[in-house]
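For what it's worth, my numbering labels the leading residue of the sequence shown as 155, then goes sequentially. In what follows, a structure is listed as structure tokens, so that the remarks can point back to it.
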Amino acid sequence: MTAMSRLRGFTLLEVLVAITLMAILSLIGWRGLDAVERTSERIFLHADDTLALIRVVGQIERDIRQHADIDILPPAPIRPAASAPSNVPAAQPPAGALPPGIAAGNKELALVRAAGDGAWQRVRWRFENGALHRAVGPASATLPLPDVANDDVVLEPVEDFSVRAWLSGRGWTAPPLPAATVATGLEVVVVRAGKTGAEPYRKVVLLP
């Protein structure tokens, strides 16, 4: 066998087949990387969305736990009629189902919460136009407290927002709540749109 026969290279057909195979492998690899990147983007987007929801629900829980009680906001007395004698004392209204620092309404939750250093502030959560809003008033150590000033969108899109109270013998009850009862817990539900339909997120906070 001569030296020329031992140095024989690839034919043109073999080179073309090798190039074609490399191109196919490169295309498969590129599509695989693209799929991985798209999946990562969806995962990060879903994670950010979940974290935003967790932060909002956590803030609602903190607002409720820091609410003012009867020692800060005593119920306003019912004044006697003008025709009654002046020595008739003011009557006390029946205790409400919720503490004086919490008021629940239709798609709304209003609170008076501790702001630190002996000050208090008003906070209002409400659902409107597919978004959850939180408004906070200036902190003050004297009553009456200033009303809420700013109104920020804290979560969107949202399909619904509701608040219910746990009443002994009645279970979960939506407002308006009967006055002659005492709530021992609040349920806050935030409903968002998911791939399979509405996805409710529920948080229960015990009341002292």
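Where a beta carbon is used, it is the ideal one built from N, C-alpha and C, also for glycine.
Work out the CA separation of residue j and residue i for me, nearest whole Å.
i, j, result
"Ala293", "Asn304", "13 Å"
"Leu269", "Gln275", "First, the amino acid is wrong: residue 269 is Ala here, not Leu. Answer to the nearest angstrom: the Cα atoms are 6 Å apart."
"Arg356", "Leu179", "49 Å"
"Val312", "Arg216", "21 Å"
"Leu205", "Ala222", "28 Å"
"Val308", "Val290", "12 Å"
"Leu331", "Arg280", "18 Å"
"Leu175", "Leu181", "10 Å"
"Leu252", "Ala352", "29 Å"
"Gln213", "Arg185", "42 Å"
"Ala230", "Pro300", "With a pLDDT of only 49 at Ala230, under the threshold of 50, the placement of this residue in the model should not be trusted; the figure read from the coordinates follows. In a straight line, the C-alpha of Ala230 is about 18 Å away from that of Pro300."
"Glu282", "Val336", "29 Å"
"Lys349", "Leu340", "28 Å"
"Asp225", "Pro254", "9 Å"
"Asp202", "Arg209", "11 Å"
"Gly325", "Ala273", "34 Å"
"Val302", "Gly284", "21 Å"
"Arg288", "Gly323", "32 Å"
"Val345", "Thr327", "18 Å"
"Glu262", "Leu227", "20 Å"
"Ala347", "Pro354", "9 Å"
"Ala368", "Val343", "The shown model of the chain, from 155 to 362, leaves out residue 368, and the question about it has no answer."
Check residue i in the structure and name its three-state DSSP category.
i, result
"Val308", "strand"
"Glu353", "strand"
"Ser322", "coil"
"Ala206", "helix"
"Gly227", "According to the sequence shown, residue 227 is Leu rather than Gly. Here Leu227 sits in coil by DSSP."
"Val171", "helix"
"Asp301", "coil"
"Gly183", "helix"
"Ala268", "strand"
"Glu341", "strand"
"Gly348", "strand"
"Gln213", "helix"
"Ala285", "strand"
"Leu166", "helix"
"Ala257", "strand"
"Ala273", "strand"
"Val358", "strand"
Nearest to residue i by CA position, among the options, is which residue?
i, options, result
"Ala319", "Asp271, Ala295 and Ile256", "Ile256"
"Asp271", "Leu265, Trp279, Arg278 and Thr296", "Thr296"
"Pro329", "Gly183, Gly259 and Ala177", "Gly259"
"Val359", "Arg219, Trp326 and Leu265", "Arg219"
"Leu286", "Leu265, Phe315, Val277 and Ala177", "Phe315"
"Pro298", "Ala347, Val266 and Leu207", "Val266"
"Asp306", "Ala333, Thr327 and Arg278", "Arg278"
"Pro362", "Glu310, Thr338, Ala334 and Leu263", "Thr338"
Below 8 Å, how does it come out for the segment 165-180 and the segment 313-329: are there three or more Cβ pairs, yes or no? no
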